[in-house]
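Taking it in order: structure first as structure tokens, then the write-up.
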Amino acid sequence: MNSLVQDGRKAAERVGLKSDTIVINGGRPLRGTIDVRGAKNLVTKAMVASLLGDTTSTLRDVPDISDVHVVASLLEIHGVKITGSAATGVLQLDPANVASAKSAEIDALSGSSRIPILFCGPLLHRLGHAFIPDLGGCRIGDRPIDFHLDALRAFGAVVDKLPSGINITAPNGLRGANIELPYPSVGATEQVLLTGVRAMGTTELKNAAIEPEIMDLIAVLQKMGAIISVEPNRTILIEGVESLEGYNHRALFDRNEAASWASAALATGGSIFTTGAKQSEMMTFLNVFRKIGGAFDIEEEGIRFYHPGGDLKPVVIETDVHPGFMTDWQQPLIVALTQAHGTSIVHETVYENRFGFVDALVKMGANVEVHKDGLADPNRRVPRRPLEQAAVITGPTKLHGAELEVPDLRGGFSHLIAALTADGRSSVSNVGLIARGYGDFVGKLEKLGADFYFAE
1 MNSLVQDGRK AAERVGLKSD TIVINGGRPL RGTIDVRGAK NLVTKAMVAS LLGDTTSTLR
61 DVPDISDVHV VASLLEIHGV KITGSAATGV LQLDPANVAS AKSAEIDALS GSSRIPILFC
121 GPLLHRLGHA FIPDLGGCRI GDRPIDFHLD ALRAFGAVVD KLPSGINITA PNGLRGANIE
181 LPYPSVGATE QVLLTGVRAM GTTELKNAAI EPEIMDLIAV LQKMGAIISV EPNRTILIEG
241 VESLEGYNHR ALFDRNEAAS WASAALATGG SIFTTGAKQS EMMTFLNVFR KIGGAFDIEE
301 EGIRFYHPGG DLKPVVIETD VHPGFMTDWQ QPLIVALTQA HGTSIVHETV YENRFGFVDA
361 LVKMGANVEV HKDGLADPNR RVPRRPLEQA AVITGPTKLH GAELEVPDLR GGFSHLIAAL
421 TADGRSSVSN VGLIARGYGD FVGKLEKLGA DFYFAE
């Protein structure tokens, strides 16, 4: 069994999936209402932030996803007492007895998540040392951790790379630093925030990520007693404090999940109301959704996404850091673009290997061509990057059922959408990886009228 399948099965077990394979009878519009809880990319980081407090933190709107279970387990082996559950959506995290964990225990859990690197700053403050094993996560590119390690060194940490992982110490404590990121990395920005809030002195971070999830993490830290200001031109100032308290916070909704279900509504010709979704964090996506020919109604409780009838239109998309078009949005939306009349182009500028999922779409009848070195375009708004690729989608094409294996989180949900859109029966295996970031996706498929069952 390869590591990808192992990760998928572990993720499926954590959230109680009956099987790692779903059989879907496609061709039926998805219609109904689903609830979108807190963002994976905020909730897991806010859980780590609880390590910095001297009292218990309470986090609300927690999604029941595998990554939350992984982080909860990592916190527990470091001595954090957790009550509540992801199933109920509320967690209480008590860090009173934070302690070192055995490297074998960390290693057993970390293969399914890349978040252990973010434990470094808080553990250095609490214990004076941290150990990080080899990192896992979705296989969509190298995602180098050099940004993280360089940031930790700037604070005064000593980083030792060992065969078993990375050992990090702070023999002289951590001090504020001036850091400029070569790229506005979300993970590296989170690292600086989680480390800088209790470092002695002031930290200035230039070229920081400013995604909504970053702003929500800053809100969490401010509730804990941190002093953080967001300056113009992607600059964040952090004035270190000696101690922090716990927080009480309701997580920002998951805009990636909302956009994924929106893409499913468009591809299947359906209508999905996403309770909890908000306009302000999705404006870039909403513009593209409308240009393609999709429609949406913004209400106080959420957003309804639907196919209003008529032909879908081709578009050109360039992924970028916020406030640009998120890389996580392009994969599900590409499935809908296979049904648009004309040629669409997606320029992927954030990750170098995010089109692996399209091979399955081609097998199902889609006309998608991947250009591994990207495509030149005089009308580009996002500067070209050496790692970028491009996908050219020509439609409309009728999709037919096929046997699919989930390659990663967003690509896996895209396979689900393709199977739901296709005529005939599809078998989608390794669906546990989808559970890493989509809470109760099986129950939501049932609510939306999908025709499916688990394979024995």
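Counting in UniProt numbering, the sequence shown runs from 1 upward without gaps. Every residue gets a Cβ at the ideal spot worked out from N, C-alpha and C, and that includes glycine. None of the values given here were measured: they were computed from a predicted structure.
In the DSSP assignment, what residue or residues form a beta bridge with isoleucine 303?
Within the sequence shown, numbered from 1, the residue matching residue 303 stands at position 303. Answer is Thr274 and Ile298, bridged to isoleucine 303.
Does DSSP put aspartate 254 in a helix, a strand or coil?
Here residue 254 refers to the residue found at position 254 when the sequence shown is read from its first residue. In the structure shown, aspartate 254 sits in coil (DSSP, three-state: anything other than H, G, I, E or B).
For lysine 10, tell me which candidate among Ser229, Ala87, His69 and Leu194 has the shortest Cα-Cα distance.
Looking up residue 10 in the sequence shown gives position 10. Comparing Cα positions, the closest option is His69.
Below 6 Å CB to CB, which residues in the same chain sit around glycine 270 once its five sequence neighbours on both sides are set aside?
Taking the sequence shown and counting its residues from 1, one reaches residue 270 at position 270. Around glycine 270: Pro29, Leu30 and Arg31.
Indicate the three-state DSSP secondary structure (helix, strand or coil) for glycine 412 in the structure shown.
Residue mapping note: residue 412 aligns to position 412 of the sequence shown, counting from 1. Glycine 412 falls in the helix class under three-state DSSP.
To which residues of the same chain is glycine 439 closer than 7 Å at the C-beta, ignoring the five residues directly before and after it?
Taking the sequence shown and counting its residues from 1, the one referred to as residue 439 is at position 439. Cβ within range, chain order: Arg37, Pro63, Asp64 and Ile65.
DSSP state of threonine 338, grouped into three classes?
Walking along the sequence shown from the start, residue 338 turns up at place 338. Reduced to three states, the DSSP call for threonine 338 is coil.
What distance in whole Å lies between the Cβ atoms of glycine 128 and alanine 170, which are believed to be in contact at a cut-off of 8 Å?
Locating residue 170 in the sequence shown gives position 170, counting from the first residue. Locating residue 128 in the sequence shown gives position 128, counting from the first residue. Confirmed, about 6 Å.
What is the DSSP secondary structure of glycine 187, counted as helix, strand or coil?
Here residue 187 corresponds to residue number 187 of the sequence shown, with the count starting at 1. Helix.
Considering only the alpha carbon of each residue, which of Gly356, Asp320 and Glu352 lies closest to arginine 381?
Mapped onto the sequence shown, residue 381 falls at position 381. Among Gly356, Asp320 and Glu352, the Cα nearest to that of arginine 381 is on Asp320.
Using a threshold of 8 Å, state whether the C-beta atoms of glycine 294 and glycine 240 are closer than that.
If you number the sequence shown from 1, residue 294 lands on position 294. If you number the sequence shown from 1, residue 240 lands on position 240. Result no, Cβ atoms of glycine 294 and glycine 240 do not sit closer than 8 Å.
So, for lysine 398: in the same chain, excluding its five sequence neighbours on each side, which residues have a beta-carbon less than 7 Å away from its beta-carbon?
Translated into the one-based positions of the sequence shown, residue 398 becomes position 398. Gly365 and Asp423, listed in sequence order.
Give the range of the beta strand (DSSP E) segment to which glutamine 92 is assigned.
Here residue 92 refers to the residue found at position 92 when the sequence shown is read from its first residue. From DSSP, the beta strand (DSSP E) with glutamine 92 extends over 90–94.
Would you mind stating whether valine 406 and serine 426 have Cβ atoms separated by less than 8 Å?
Position 406 of the sequence shown, counted from the start, is the residue given in the question as residue 406. Position 426 of the sequence shown, counted from the start, is the residue given in the question as residue 426. In this structure, serine 426 does not lie closer than 8 Å to valine 406 by Cβ.
So is threonine 327 buried or exposed if we call it buried at 16+ other beta carbons inside 10 Å?
Reading the sequence shown from its first residue, position 327 is the one you call residue 327. Burial call: buried.
Any idea if serine 263 is buried or exposed, counting beta-carbon neighbours within 10 angstroms, 16 or more meaning buried?
As a first step, residue 263 must be located in the sequence shown, where it is residue number 263. It counts as buried.
Evaluate contact between the stretch 229–237 and the stretch 347–359, counting only Cβ atoms and requiring at least three cross-stretch pairs below 8 Å.
no
Report the three-state DSSP secondary structure of arginine 385 (helix, strand or coil).
Translated into positions along the sequence shown, residue 385 becomes position 385. Three-state DSSP puts arginine 385 in coil, outside helix and strand.
Determine the direct distance from the alpha carbon of aspartate 150 to that of glycine 137, and round the result to whole angstroms.
Position 137 of the sequence shown holds residue 137. Position 150 of the sequence shown holds residue 150. The predicted model places glycine 137 with a pLDDT of 45, which falls under 50 and marks its position as unreliable, so this point remains unresolved.
Using only the alpha-carbon positions, how far apart do threonine 274 and tyrosine 306 sit?
Locating residue 274 in the sequence shown gives position 274, counting from the first residue. Locating residue 306 in the sequence shown gives position 306, counting from the first residue. In a straight line, the C-alpha of threonine 274 is about 11 Å away from that of tyrosine 306.
Whole angstroms are fine: how far does the CA of arginine 304 sit from the CA of aspartate 297?
Stepping through the sequence shown from its first residue, residue 297 is reached at position 297. Stepping through the sequence shown from its first residue, residue 304 is reached at position 304. Taking the straight line from one Cα to the other gives about 5 Å.
Consider the C-beta atom of glutamate 369 and the heavy atoms of the ligand FMN; say whether any pair is separated by less than 7 Å.
The ligand content of the structure shown is nil, which means the ligand FMN is not present either.
Ignore the nearest five residues each way along the sequence and tell me which others in isoleucine 140's own chain have a CB closer than 6 Å to its CB.
Here the question's residue 140 lines up with position 140 in the sequence shown. Reliability fails at isoleucine 140, whose pLDDT of 39 lies under 50, so the model's placement of it is uncertain and no value is given.
For leucine 333, which residues of its own chain have a beta-carbon under 6 Å away from its beta-carbon, when the five flanking residues on both sides are left out?
The count along the sequence shown starts at 1 and reaches residue 333 at position 333. Answer for leucine 333: Ser263, listed in chain order.
Find out if the Cβ-Cβ distance for the pair leucine 337, glycine 395 is shorter than 8 Å.
Here residue 337 corresponds to residue number 337 of the sequence shown, with the count starting at 1. Here residue 395 corresponds to residue number 395 of the sequence shown, with the count starting at 1. The criterion of a C-beta distance shorter than 8 Å is satisfied by leucine 337 and glycine 395.
Taking all protein chains shown into account, decide if serine 57 is buried (16 or more other Cβ within 10 angstroms of its Cβ) or exposed.
Position 57 of the sequence shown, counted from the first residue, corresponds to residue 57. By the 10 Å Cβ count, serine 57 comes out buried.
Distance check for histidine 249 and lysine 40, CA to CA, integer angstroms please.
What you label residue 40 is simply residue 40 of the sequence shown in a count that begins at 1. What you label residue 249 is simply residue 249 of the sequence shown in a count that begins at 1. Spanning the two alpha carbons is a distance of roughly 14 Å.
Do you know offhand how far glycine 449's Cα is from asparagine 25's?
Counting from one through the sequence shown, the residue named residue 449 turns up at place 449. Counting from one through the sequence shown, the residue named residue 25 turns up at place 25. Answer to the nearest angstrom: the Cα atoms are 11 Å apart.
For the stretch 253–262 against the stretch 275–282, do three or more pairs of beta-carbon atoms, one drawn from each stretch, fall closer than 8 Å, so that the two count as touching?
The stretch 253–262 is in contact with the stretch 275–282.
Are the beta-carbon atoms of valine 197 and leucine 221 separated by less than 8 Å?
In the sequence shown, the residue the question calls residue 197 occupies position 197. In the sequence shown, the residue the question calls residue 221 occupies position 221. It is a contact, given that the beta carbons lie within the stated cut-off.
If you measure between the beta carbons of isoleucine 168 and leucine 152, is that distance less than 8 Å?
For the purposes of this step, residue 168 is identified with residue 168 of the sequence shown, where counting begins at 1. For the purposes of this step, residue 152 is identified with residue 152 of the sequence shown, where counting begins at 1. Yes, the Cβ-Cβ distance between isoleucine 168 and leucine 152 is below 8 Å.
Which stretch, first to last residue, makes up the beta strand (DSSP E) that contains phenylalanine 452?
Within the sequence shown, residue 452 is the residue found at index 452, counting from 1. Segment 451–454, the beta strand (DSSP E) holding phenylalanine 452.
Helix, strand or coil for glycine 141? Go by DSSP, reduced to three states.
Here residue 141 refers to the residue found at position 141 when the sequence shown is read from its first residue. Note that glycine 141 scores a pLDDT of 46, beneath 50, so its modelled location is shaky and nothing firm can be said.
CA-CA distance, alanine 157 and glutamine 339?
On the sequence shown, residue 157 is found 157 positions in, with the first residue counted as 1. On the sequence shown, residue 339 is found 339 positions in, with the first residue counted as 1. Looking at the two C-alpha atoms, the distance is approximately 52 Å.
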